[in-house]
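Participant:
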Amino acid sequence: MVKPSPMLMIPGPTPVPQEVLSELAYPPMGHRSGAFKDIMLAIQPKLQWLFQTQQPVFTYAASATGAMEAALVNTVNPGQTVLVLACGVFSQRWADIAKRLGIEVIEQAVEYGQPNSLSDLDAILSGPDADRIKAVCLIHNETSTGVINPVEAMARLIRQKTPDALIIIDTVTGLGAAPFDFDGWDIDVAVSGSQKGFMLPPGLAFLAVSQRAMQRHAQVANPGFYFNFTDNAKSVGQGQTPWTSATTLCRGLLKSLELMEDDGLDVLHDRHRLNRQITRAAIQAMGLSFLVTDEAAASPSVTSVLKPDGIEVADLRGILSNEFGLTIAAGQKHLKDGIFRIGHLGAIFPRDVFTAISAIEAVLHRLDYNRAPLGAGITAAQQEWTNACRVAITS
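Here the sequence shown is numbered in my numbering, starting from 53 and rising by one per residue.
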(Lines of atoms letter the chains of each structure in order from A and count residues from 1; the text may use other names and numbers.)
(Lines give C-alpha, C1' and ligand atoms only; values in the text may rest on other atoms or scores of the structure.)
Protein backbone atom coordinates (compact mmCIF):
# COMPACT_ATOMS: atom_id res chain seq x y z
CA MET A 1 0.00 0.00 0.00
CA VAL A 2 1.44 3.38 -1.00
CA LYS A 3 1.18 6.02 1.70
CA PRO A 4 2.17 9.70 1.87
CA SER A 5 5.78 10.34 2.83
CA PRO A 6 6.07 11.07 6.56
CA MET A 7 6.14 14.74 7.48
CA LEU A 8 7.23 15.69 10.99
CA MET A 9 5.83 18.95 12.30
CA ILE A 10 6.56 18.34 15.96
CA PRO A 11 9.13 20.11 18.16
CA GLY A 12 11.42 17.09 18.10
CA PRO A 13 12.51 14.86 16.62
CA THR A 14 12.70 17.20 13.65
CA PRO A 15 13.30 16.44 9.96
CA VAL A 16 16.84 15.44 8.99
CA PRO A 17 18.21 17.06 5.80
CA GLN A 18 19.25 14.75 2.97
CA GLU A 19 22.86 15.90 3.25
CA VAL A 20 22.90 14.74 6.88
CA LEU A 21 21.12 11.47 6.08
CA SER A 22 23.84 10.72 3.53
CA GLU A 23 26.51 11.08 6.22
CA LEU A 24 24.53 8.83 8.56
CA ALA A 25 24.54 6.11 5.89
CA TYR A 26 28.31 5.60 6.11
CA PRO A 27 29.56 2.50 7.97
CA PRO A 28 30.50 3.04 11.63
CA MET A 29 34.08 4.01 12.41
CA GLY A 30 36.27 3.31 15.41
CA HIS A 31 35.69 5.78 18.22
CA ARG A 32 39.44 6.00 18.87
CA SER A 33 40.44 6.21 15.20
CA GLY A 34 42.26 9.14 13.69
CA ALA A 35 39.35 9.78 11.33
CA PHE A 36 36.91 10.12 14.20
CA LYS A 37 39.31 12.34 16.12
CA ASP A 38 39.39 14.68 13.13
CA ILE A 39 35.58 14.82 13.12
CA MET A 40 35.41 15.68 16.82
CA LEU A 41 38.12 18.33 16.51
CA ALA A 42 36.16 19.89 13.64
CA ILE A 43 32.90 19.74 15.61
CA GLN A 44 34.14 21.58 18.71
CA PRO A 45 34.62 25.10 17.25
CA LYS A 46 31.32 24.80 15.41
CA LEU A 47 29.51 23.93 18.64
CA GLN A 48 31.21 26.88 20.29
CA TRP A 49 29.99 29.09 17.45
CA LEU A 50 26.41 27.89 17.87
CA PHE A 51 26.45 28.39 21.65
CA GLN A 52 28.40 31.65 21.16
CA THR A 53 31.16 30.71 23.58
CA GLN A 54 34.90 30.28 23.86
CA GLN A 55 34.34 27.73 26.62
CA PRO A 56 34.32 23.95 26.00
CA VAL A 57 31.16 22.22 24.81
CA PHE A 58 30.86 18.56 25.82
CA THR A 59 29.14 15.99 23.59
CA TYR A 60 27.38 13.15 25.42
CA ALA A 61 25.86 9.98 23.99
CA ALA A 62 22.61 10.68 25.82
CA SER A 63 19.35 12.55 25.59
CA ALA A 64 19.17 16.18 26.67
CA THR A 65 17.71 14.98 29.97
CA GLY A 66 21.06 13.29 30.58
CA ALA A 67 22.80 16.62 30.03
CA MET A 68 20.39 18.25 32.48
CA GLU A 69 21.36 15.67 35.10
CA ALA A 70 25.02 16.25 34.24
CA ALA A 71 24.57 19.98 34.82
CA LEU A 72 23.27 19.46 38.34
CA VAL A 73 25.25 16.46 39.57
CA ASN A 74 28.50 18.18 38.58
CA THR A 75 27.85 21.56 40.17
CA VAL A 76 25.58 21.18 43.22
CA ASN A 77 26.05 19.01 46.30
CA PRO A 78 23.15 17.14 47.94
CA GLY A 79 21.60 19.35 50.61
CA GLN A 80 22.44 22.56 48.78
CA THR A 81 19.69 24.70 47.25
CA VAL A 82 18.75 25.61 43.70
CA LEU A 83 16.04 27.91 42.41
CA VAL A 84 13.97 26.44 39.58
CA LEU A 85 11.92 28.72 37.34
CA ALA A 86 9.15 26.52 35.92
CA CYS A 87 6.75 27.41 33.12
CA GLY A 88 5.93 23.96 31.72
CA VAL A 89 6.80 20.28 31.69
CA PHE A 90 10.45 20.57 30.68
CA SER A 91 11.43 23.46 32.94
CA GLN A 92 9.77 21.53 35.78
CA ARG A 93 12.18 18.70 34.98
CA TRP A 94 15.00 20.72 36.59
CA ALA A 95 13.16 20.39 39.91
CA ASP A 96 12.43 16.69 39.36
CA ILE A 97 16.09 15.90 38.69
CA ALA A 98 17.35 18.05 41.56
CA LYS A 99 15.07 16.33 44.07
CA ARG A 100 16.22 12.88 42.91
CA LEU A 101 19.81 14.04 43.55
CA GLY A 102 19.01 15.16 47.08
CA ILE A 103 19.20 18.85 46.21
CA GLU A 104 16.84 21.27 47.94
CA VAL A 105 14.55 23.12 45.53
CA ILE A 106 12.92 26.53 45.68
CA GLU A 107 10.39 26.57 42.88
CA GLN A 108 8.82 29.58 41.20
CA ALA A 109 6.16 28.46 38.74
CA VAL A 110 3.83 30.32 36.41
CA GLU A 111 0.69 29.24 34.62
CA TYR A 112 1.26 27.15 31.50
CA GLY A 113 1.36 29.48 28.52
CA GLN A 114 3.09 32.28 30.42
CA PRO A 115 6.82 33.12 30.46
CA ASN A 116 8.63 33.33 33.76
CA SER A 117 8.23 36.68 35.44
CA LEU A 118 11.19 39.01 35.96
CA SER A 119 9.40 40.68 38.86
CA ASP A 120 8.80 37.34 40.60
CA LEU A 121 12.44 36.40 40.03
CA ASP A 122 13.55 39.74 41.45
CA ALA A 123 11.41 39.19 44.54
CA ILE A 124 12.93 35.77 45.24
CA LEU A 125 16.49 36.97 44.65
CA SER A 126 15.85 39.92 46.98
CA GLY A 127 14.30 37.74 49.68
CA PRO A 128 15.59 35.84 52.70
CA ASP A 129 16.44 32.67 50.75
CA ALA A 130 18.72 34.36 48.22
CA ASP A 131 21.95 33.57 50.08
CA ARG A 132 21.15 29.83 50.02
CA ILE A 133 20.76 29.64 46.25
CA LYS A 134 23.73 27.90 44.63
CA ALA A 135 22.24 27.81 41.13
CA VAL A 136 19.25 29.10 39.20
CA CYS A 137 17.81 26.64 36.67
CA LEU A 138 15.60 27.93 33.87
CA ILE A 139 14.53 27.25 30.33
CA HIS A 140 15.13 29.22 27.16
CA ASN A 141 12.22 27.79 25.16
CA GLU A 142 9.50 25.73 26.87
CA THR A 143 8.52 23.08 24.34
CA SER A 144 5.43 21.87 26.16
CA THR A 145 3.68 25.24 25.93
CA GLY A 146 5.39 27.18 23.15
CA VAL A 147 6.81 29.92 25.39
CA ILE A 148 10.18 31.60 24.97
CA ASN A 149 11.66 33.21 28.07
CA PRO A 150 13.57 36.54 28.21
CA VAL A 151 16.74 34.69 29.14
CA GLU A 152 19.13 37.58 28.56
CA ALA A 153 17.25 39.83 30.99
CA MET A 154 16.80 36.99 33.47
CA ALA A 155 20.52 36.17 33.44
CA ARG A 156 21.40 39.83 33.92
CA LEU A 157 19.10 40.05 36.95
CA ILE A 158 20.44 36.83 38.46
CA ARG A 159 24.03 37.98 38.09
CA GLN A 160 23.18 41.36 39.61
CA LYS A 161 21.29 39.98 42.60
CA THR A 162 23.17 36.74 43.32
CA PRO A 163 26.56 37.01 41.59
CA ASP A 164 27.84 33.71 42.95
CA ALA A 165 24.86 31.62 41.86
CA LEU A 166 25.35 29.52 38.75
CA ILE A 167 23.01 30.18 35.82
CA ILE A 168 21.97 26.84 34.28
CA ILE A 169 19.83 26.89 31.15
CA ASP A 170 17.91 24.35 29.08
CA THR A 171 18.12 25.60 25.50
CA VAL A 172 17.08 22.28 23.99
CA THR A 173 14.55 23.82 21.58
CA GLY A 174 15.92 27.34 21.67
CA LEU A 175 19.43 26.87 20.31
CA GLY A 176 19.57 27.54 16.59
CA ALA A 177 16.03 28.93 16.57
CA ALA A 178 16.45 32.05 18.70
CA PRO A 179 19.40 34.23 19.75
CA PHE A 180 21.52 32.68 22.49
CA ASP A 181 24.83 34.10 23.71
CA PHE A 182 26.49 31.90 26.33
CA ASP A 183 29.47 34.18 26.94
CA GLY A 184 27.73 37.50 26.34
CA TRP A 185 24.93 36.66 28.77
CA ASP A 186 27.39 35.20 31.32
CA ILE A 187 25.75 31.76 31.43
CA ASP A 188 27.41 28.95 33.40
CA VAL A 189 25.88 25.77 31.96
CA ALA A 190 23.66 25.35 28.89
CA VAL A 191 22.30 22.10 27.51
CA SER A 192 20.75 21.06 24.20
CA GLY A 193 19.93 17.92 22.20
CA SER A 194 20.56 16.57 18.72
CA GLN A 195 16.96 15.92 17.63
CA LYS A 196 15.90 19.58 17.75
CA GLY A 197 17.53 22.51 15.97
CA PHE A 198 20.56 20.35 15.22
CA MET A 199 18.48 18.45 12.63
CA LEU A 200 19.71 15.01 13.72
CA PRO A 201 18.10 11.86 15.09
CA PRO A 202 17.96 11.58 18.90
CA GLY A 203 21.03 10.33 20.74
CA LEU A 204 23.41 13.23 21.37
CA ALA A 205 23.34 15.87 24.08
CA PHE A 206 25.49 18.98 24.33
CA LEU A 207 26.63 20.93 27.37
CA ALA A 208 28.53 24.22 27.40
CA VAL A 209 30.30 24.97 30.68
CA SER A 210 31.88 28.13 32.08
CA GLN A 211 35.05 28.43 34.13
CA ARG A 212 32.88 29.42 37.10
CA ALA A 213 30.97 26.16 36.76
CA MET A 214 34.20 24.16 36.49
CA GLN A 215 35.42 25.78 39.71
CA ARG A 216 32.16 24.85 41.43
CA HIS A 217 32.51 21.33 40.00
CA ALA A 218 35.81 20.97 41.87
CA GLN A 219 33.89 21.47 45.14
CA VAL A 220 31.31 18.75 44.47
CA ALA A 221 31.86 15.64 46.58
CA ASN A 222 30.39 13.09 44.16
CA PRO A 223 29.99 14.39 40.58
CA GLY A 224 29.21 10.94 39.22
CA PHE A 225 31.04 8.85 36.65
CA TYR A 226 29.59 8.92 33.12
CA PHE A 227 28.80 12.65 32.96
CA ASN A 228 31.81 13.81 35.00
CA PHE A 229 32.99 17.26 33.87
CA THR A 230 36.64 16.53 34.67
CA ASP A 231 36.82 13.54 32.34
CA ASN A 232 34.97 15.35 29.57
CA ALA A 233 37.14 18.46 29.87
CA LYS A 234 40.26 16.32 29.44
CA SER A 235 38.86 14.56 26.39
CA VAL A 236 37.33 17.46 24.48
CA GLY A 237 40.64 19.06 23.53
CA GLN A 238 41.94 15.71 22.30
CA GLY A 239 39.08 15.14 19.86
CA GLN A 240 37.65 12.40 22.06
CA THR A 241 34.89 11.60 24.50
CA PRO A 242 35.72 9.71 27.72
CA TRP A 243 33.59 6.70 26.80
CA THR A 244 32.29 5.11 23.61
CA SER A 245 31.07 7.82 21.26
CA ALA A 246 28.00 7.76 19.03
CA THR A 247 30.32 7.87 16.03
CA THR A 248 27.71 7.83 13.28
CA LEU A 249 25.64 10.58 14.89
CA CYS A 250 28.78 12.67 15.35
CA ARG A 251 29.51 12.31 11.65
CA GLY A 252 26.03 13.61 10.91
CA LEU A 253 26.50 16.36 13.51
CA LEU A 254 29.49 17.75 11.66
CA LYS A 255 27.44 18.02 8.47
CA SER A 256 24.47 19.63 10.24
CA LEU A 257 26.77 22.20 11.86
CA GLU A 258 28.34 22.93 8.48
CA LEU A 259 24.88 23.55 7.03
CA MET A 260 24.01 25.90 9.88
CA GLU A 261 27.31 27.76 9.54
CA ASP A 262 26.70 28.18 5.82
CA ASP A 263 23.40 29.91 6.64
CA GLY A 264 24.69 31.94 9.58
CA LEU A 265 22.89 32.66 12.84
CA ASP A 266 20.86 35.59 11.50
CA VAL A 267 19.40 33.50 8.67
CA LEU A 268 18.61 30.62 11.04
CA HIS A 269 16.84 32.89 13.49
CA ASP A 270 15.00 34.82 10.77
CA ARG A 271 13.66 31.61 9.23
CA HIS A 272 12.32 30.41 12.57
CA ARG A 273 10.72 33.79 13.27
CA LEU A 274 9.07 33.72 9.85
CA ASN A 275 7.77 30.18 10.43
CA ARG A 276 6.27 31.37 13.71
CA GLN A 277 4.63 34.41 12.13
CA ILE A 278 3.20 32.42 9.22
CA THR A 279 1.79 29.82 11.60
CA ARG A 280 0.27 32.35 13.99
CA ALA A 281 -1.26 34.38 11.16
CA ALA A 282 -2.93 31.24 9.82
CA ILE A 283 -4.19 30.03 13.19
CA GLN A 284 -5.67 33.43 13.98
CA ALA A 285 -7.38 33.64 10.58
CA MET A 286 -8.92 30.21 11.17
CA GLY A 287 -10.62 31.54 14.29
CA LEU A 288 -8.55 29.37 16.63
CA SER A 289 -6.96 30.54 19.88
CA PHE A 290 -3.39 30.35 21.16
CA LEU A 291 -2.19 29.01 24.48
CA VAL A 292 0.49 31.74 24.39
CA THR A 293 -1.30 35.03 23.79
CA ASP A 294 1.71 37.32 24.33
CA GLU A 295 3.38 37.71 20.93
CA ALA A 296 6.71 38.58 22.57
CA ALA A 297 6.66 35.25 24.42
CA ALA A 298 5.61 33.14 21.41
CA SER A 299 8.18 30.47 20.59
CA PRO A 300 9.93 30.40 17.20
CA SER A 301 10.11 26.60 17.54
CA VAL A 302 6.55 25.48 18.25
CA THR A 303 3.05 26.96 18.32
CA SER A 304 0.44 25.68 20.78
CA VAL A 305 -3.20 25.94 19.72
CA LEU A 306 -6.22 25.54 22.00
CA LYS A 307 -8.54 22.74 20.96
CA PRO A 308 -11.77 24.15 19.50
CA ASP A 309 -15.05 23.00 21.01
CA GLY A 310 -16.39 19.84 19.43
CA ILE A 311 -13.02 18.70 18.07
CA GLU A 312 -10.91 15.99 19.70
CA VAL A 313 -7.14 16.41 19.40
CA ALA A 314 -6.75 12.65 18.89
CA ASP A 315 -9.15 12.74 15.92
CA LEU A 316 -7.36 15.69 14.33
CA ARG A 317 -3.94 14.09 14.75
CA GLY A 318 -5.15 10.69 13.58
CA ILE A 319 -6.62 11.94 10.31
CA LEU A 320 -3.59 14.14 9.62
CA SER A 321 -1.35 11.11 10.08
CA ASN A 322 -3.44 8.63 8.11
CA GLU A 323 -4.48 10.86 5.22
CA PHE A 324 -1.53 13.23 4.87
CA GLY A 325 1.39 11.50 6.61
CA LEU A 326 1.60 14.62 8.80
CA THR A 327 2.50 14.36 12.48
CA ILE A 328 1.72 17.21 14.85
CA ALA A 329 2.01 17.00 18.63
CA ALA A 330 -0.61 16.80 21.35
CA GLY A 331 -0.28 18.64 24.63
CA GLN A 332 1.38 17.21 27.72
CA LYS A 333 0.22 16.55 31.28
CA HIS A 334 -3.10 18.34 31.93
CA LEU A 335 -2.97 19.90 28.44
CA LYS A 336 -2.78 16.52 26.70
CA ASP A 337 -6.29 16.78 25.25
CA GLY A 338 -6.55 20.55 25.44
CA ILE A 339 -4.05 21.76 22.83
CA PHE A 340 -2.25 20.65 19.72
CA ARG A 341 1.26 21.80 18.88
CA ILE A 342 2.69 22.61 15.47
CA GLY A 343 6.47 22.29 15.36
CA HIS A 344 8.47 24.59 13.06
CA LEU A 345 11.97 23.84 14.33
CA GLY A 346 15.12 22.84 12.49
CA ALA A 347 14.88 22.01 8.78
CA ILE A 348 11.35 23.40 8.46
CA PHE A 349 10.64 26.03 5.81
CA PRO A 350 7.60 28.11 4.80
CA ARG A 351 6.75 25.45 2.21
CA ASP A 352 6.34 22.94 5.04
CA VAL A 353 4.26 25.33 7.10
CA PHE A 354 1.96 25.97 4.12
CA THR A 355 1.47 22.23 3.69
CA ALA A 356 0.73 21.69 7.37
CA ILE A 357 -1.69 24.60 7.59
CA SER A 358 -3.58 23.45 4.48
CA ALA A 359 -3.91 19.92 5.87
CA ILE A 360 -4.93 21.05 9.36
CA GLU A 361 -7.51 23.42 7.94
CA ALA A 362 -8.99 20.74 5.68
CA VAL A 363 -9.22 18.17 8.47
CA LEU A 364 -10.82 20.63 10.88
CA HIS A 365 -13.53 21.34 8.32
CA ARG A 366 -13.97 17.62 7.72
CA LEU A 367 -14.63 17.41 11.46
CA ASP A 368 -17.34 20.10 11.06
CA TYR A 369 -15.32 23.03 12.36
CA ASN A 370 -16.86 26.16 10.81
CA ARG A 371 -15.59 29.15 12.75
CA ALA A 372 -13.86 30.48 9.60
CA PRO A 373 -14.32 29.68 5.91
CA LEU A 374 -12.19 26.96 4.37
CA GLY A 375 -9.04 28.52 2.97
CA ALA A 376 -8.85 31.43 5.42
CA GLY A 377 -5.82 29.95 7.17
CA ILE A 378 -3.67 29.20 4.15
CA THR A 379 -4.56 32.57 2.60
CA ALA A 380 -3.37 34.36 5.75
CA ALA A 381 -0.20 32.27 5.80
CA GLN A 382 0.55 33.15 2.19
CA GLN A 383 -0.12 36.83 2.85
CA GLU A 384 2.20 36.84 5.88
CA TRP A 385 4.98 35.25 3.83
CA THR A 386 4.43 37.73 0.98
CA ASN A 387 4.56 40.69 3.36
CA ALA A 388 7.77 39.38 4.93
CA CYS A 389 9.36 39.00 1.51
CA ARG A 390 8.43 42.58 0.61
CA VAL A 391 10.00 43.87 3.82
CA ALA A 392 13.17 41.85 3.16
CA ILE A 393 13.44 43.26 -0.37
CA THR A 394 13.05 46.88 0.74
CA SER A 395 15.29 46.67 3.82
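Heads up, the beta-carbon is just placed ideally off N, CA and C, and yes, glycines get one too.
What residue from 356, 350, 325 has the CA that sits closest to residue 340's CA?
Facilitator: Translated into the one-based positions of the sequence shown, residue 340 becomes position 288. When only C-alpha atoms are compared, the closest one is 356.
Participant: Is the beta carbon of residue 239 closer than 9 Å to that of residue 146?
Facilitator: Here residue 146 corresponds to residue number 94 of the sequence shown, with the count starting at 1. Here residue 239 corresponds to residue number 187 of the sequence shown, with the count starting at 1. No, they are not a contact pair.
Participant: Would you grab the beta carbon distance between residue 275 and residue 65 for me? Rounded to a whole angstrom, and I think it's under 8 Å.
Facilitator: By 1-based counting over the sequence shown, the position of residue 275 is 223. By 1-based counting over the sequence shown, the position of residue 65 is 13. Their Cβ separation, rounded to whole angstroms, is 30 Å, which puts residue 275 and residue 65 out of contact at 8 Å.
Participant: Per DSSP, what are the beta-bridge partners of residue 160 in this structure?
Facilitator: In the sequence shown, counting from the first residue as 1, residue 160 sits at position 108. In DSSP, residue 160 forms a bridge with 137.
Participant: If you scan the region 196 to 259 from start to end, which runs of the beta strand (DSSP E) of 3 or more residues do you find wholly inside it?
Facilitator: Those beta strand (DSSP E) runs which fall completely within the region 196 to 259 and span 3+ residues are 218 to 222, 241 to 245.
Participant: Helix, strand or coil, according to DSSP, for residue 61 in the structure here?
Facilitator: Position 9 of the sequence shown, counted from the start, is the residue given in the question as residue 61. The answer is coil: DSSP assigns residue 61 none of H, G, I, E or B.
Participant: Taking the DSSP output, what are the residues bridged to residue 88?
Facilitator: Position 36 of the sequence shown, counting from 1, holds the residue named residue 88. According to DSSP, which records beta bridges pairwise, residue 88 is partnered with nothing at all.
Participant: Would you mind working out which of 437, 119, 103, 391 sits nearest residue 165, comparing C-alpha positions?
Facilitator: Stepping through the sequence shown from its first residue, residue 165 is reached at position 113. For the residues 437, 119, 103, 391, the minimum Cα distance to residue 165 belongs to 391.
Participant: Indicate the three-state DSSP secondary structure (helix, strand or coil) for residue 186 in the structure shown.
Facilitator: The residue you call residue 186 lines up with position 134 of the sequence shown. Strand, per DSSP.
Participant: Applying the criterion that 16 or more other CB atoms from any shown protein chain within 10 Å of the CB defines a buried residue, is residue 139 buried or exposed?
Facilitator: Here residue 139 corresponds to residue number 87 of the sequence shown, with the count starting at 1. When all chains shown are included, residue 139 counts as buried.
Participant: Taking the runs of the alpha helix (DSSP H) that are 4 residues or longer, which of them lie wholly in the region 268 to 342?
Facilitator: Fully enclosed alpha helix (DSSP H) runs of 4 or longer: 281 to 288, 299 to 315, 317 to 337.
Participant: Could you check which residue in 247, 122, 204, 241 has the C-alpha nearest to that of residue 230?
Facilitator: Indexing the sequence shown from 1 puts residue 230 at position 178. That would be 204, whose Cα lies nearest to the Cα of residue 230.
Participant: Taking Cβ to Cβ, would you say residue 259 is nearer than 9 Å to residue 119?
Facilitator: Stepping through the sequence shown from its first residue, residue 259 is reached at position 207. Stepping through the sequence shown from its first residue, residue 119 is reached at position 67. Yes, Cβ-Cβ distance for residue 259 and residue 119 is below 9 Å.
Participant: Taking Cβ positions, are residue 256 and residue 78 nearer each other than 9 Å?
Facilitator: The residue you call residue 256 lines up with position 204 of the sequence shown. The residue you call residue 78 lines up with position 26 of the sequence shown. Contact: no.
Participant: Assess, as a yes-or-no matter, whether the region 411 to 422 is touched by the region 362 to 376 under the definition of 3 or more beta carbon pairs within less than 8 Å.
Facilitator: Yes, the region 362 to 376 touches the region 411 to 422.
Participant: What is the rounded straight-line gap between the Cα of residue 149 and the Cα of residue 130?
Facilitator: On the sequence shown, residue 149 is found 97 positions in, with the first residue counted as 1. On the sequence shown, residue 130 is found 78 positions in, with the first residue counted as 1. Each residue's alpha carbon lies about 12 Å from the other.
Participant: Ordered along the chain, which non-local residues of its own chain (more than five positions away) have a Cβ less than 6 Å from that of residue 250?
Facilitator: The sequence position of residue 250 within the sequence shown is 198, counting from 1. Cβ neighbours of residue 250 beyond the five flanking positions: 308.
Participant: Going by DSSP, which residues form a beta bridge with residue 358?
Facilitator: By 1-based counting over the sequence shown, the position of residue 358 is 306. DSSP lists 391 as partners of residue 358.
Participant: Please confirm if the region 389 to 405 is in contact with the region 317 to 329, defined as three or more CB-CB distances below 8 Å between the two stretches.
Facilitator: These segments touch.
Participant: Relative to the C-alpha of residue 207, which candidate in 143, 199, 192, 266 has its C-alpha closest?
Facilitator: Here residue 207 corresponds to residue number 155 of the sequence shown, with the count starting at 1. That would be 192, whose Cα lies nearest to the Cα of residue 207.
Participant: How close, in whole Å, do the beta carbons of residue 185 and residue 134 come, if the pair is a contact with beta carbons under 8 Å?
Facilitator: Your numbering for residue 185 matches position 133 in the sequence shown. Your numbering for residue 134 matches position 82 in the sequence shown. With a Cβ gap of about 7 Å, residue 185 and residue 134 count as contacting.
Participant: On the three-state DSSP scale, how would you describe residue 194?
Facilitator: Numbered from its first residue, the sequence shown carries residue 194 at position 142. In this structure, residue 194 counts as strand in the three-state DSSP scheme.
Participant: DSSP three-state call for residue 125: helix, strand or coil?
Facilitator: Against the sequence shown, residue 125 aligns to sequence position 73. Residue 125: helix per DSSP, three-state reduction.
Participant: Can residue 421 and residue 335 be called in contact, C-beta distance under 9 Å?
Facilitator: Translated into the one-based positions of the sequence shown, residue 421 becomes position 369. Translated into the one-based positions of the sequence shown, residue 335 becomes position 283. Cβ atoms of residue 421 and residue 335: not closer than 9 Å.
Participant: Using alpha carbons as the reference points, say which of 290, 360, 265 lies closest to residue 125.
Facilitator: Within the sequence shown, the letter at position 73 stands for residue 125. With distances taken between Cα atoms, residue 125 lies closest to 265.
Participant: Suppose you measure from the CA of residue 215 to the CA of residue 224; what does that come to, to the nearest Å?
Facilitator: In the sequence shown, counting from the first residue as 1, residue 215 sits at position 163. In the sequence shown, counting from the first residue as 1, residue 224 sits at position 172. Between residue 215 and residue 224, the C-alpha separation is close to 25 Å.
Participant: Considering only residues of the region 386 to 430, which uninterrupted beta strand (DSSP E) runs meet the minimum length of 3 residues and lie entirely inside it, listed in chain order?
Facilitator: Counting only runs of 3 or more, we get 391 to 395.
Participant: Out of 236, 245, 122, which one is the CA nearest neighbour of residue 189?
Facilitator: Here residue 189 is taken as the residue at index 137 of the sequence shown, counted from 1. Nearest of 236, 245, 122 to residue 189, Cα basis: 122.
Participant: Going by Cα to Cα distance, which pick from 92, 172, 60 is closest to residue 209?
Facilitator: Your numbering for residue 209 matches position 157 in the sequence shown. It is 172 whose Cα lies nearest to the Cα of residue 209.
Participant: Please classify residue 111: does DSSP put it in a helix, a strand, or coil?
Facilitator: Here the question's residue 111 lines up with position 59 in the sequence shown. Strand.
Participant: Pull up the DSSP beta-bridge partners for residue 378, would you.
Facilitator: Within the sequence shown, the letter at position 326 stands for residue 378. For residue 378, which the question treats as bridged, DSSP gives the partners 59.
Participant: Report the partner residues of residue 350 according to the DSSP bridge assignment.
Facilitator: Residue 350 sits at position 298 when you count from the first residue of the sequence shown. Paired residue(s): 199.
Participant: Let me confirm a value: residue 385 is counted as buried when at least 16 other C-beta atoms fall within 10 Å, else exposed. Which label applies?
Facilitator: In the sequence shown, residue 385 corresponds to position 333, counting from 1. Looking at its Cβ environment, which holds fewer than 16 other Cβ atoms inside 10 Å, residue 385 is exposed.
Participant: Just mark residue 163 as buried or exposed, buried being the case when its beta carbon has 16 or more other beta carbons within 10 Å.
Facilitator: Working through the sequence shown from its first residue, we reach residue 163 at position 111. Classification of residue 163: exposed, given that the 10 Å Cβ count is below 16.
Participant: Going by DSSP in three states, residue 443 sits in which element: helix, strand or coil?
Facilitator: Walking along the sequence shown from the start, residue 443 turns up at place 391. In this structure, residue 443 counts as helix in the three-state DSSP scheme.
Participant: Under the DSSP definition of a beta bridge, which residues are partnered with residue 261?
Facilitator: Numbered from 1 along the sequence shown, position 209 holds the residue referred to as residue 261. Beta-bridge pairing links residue 261 to 241.
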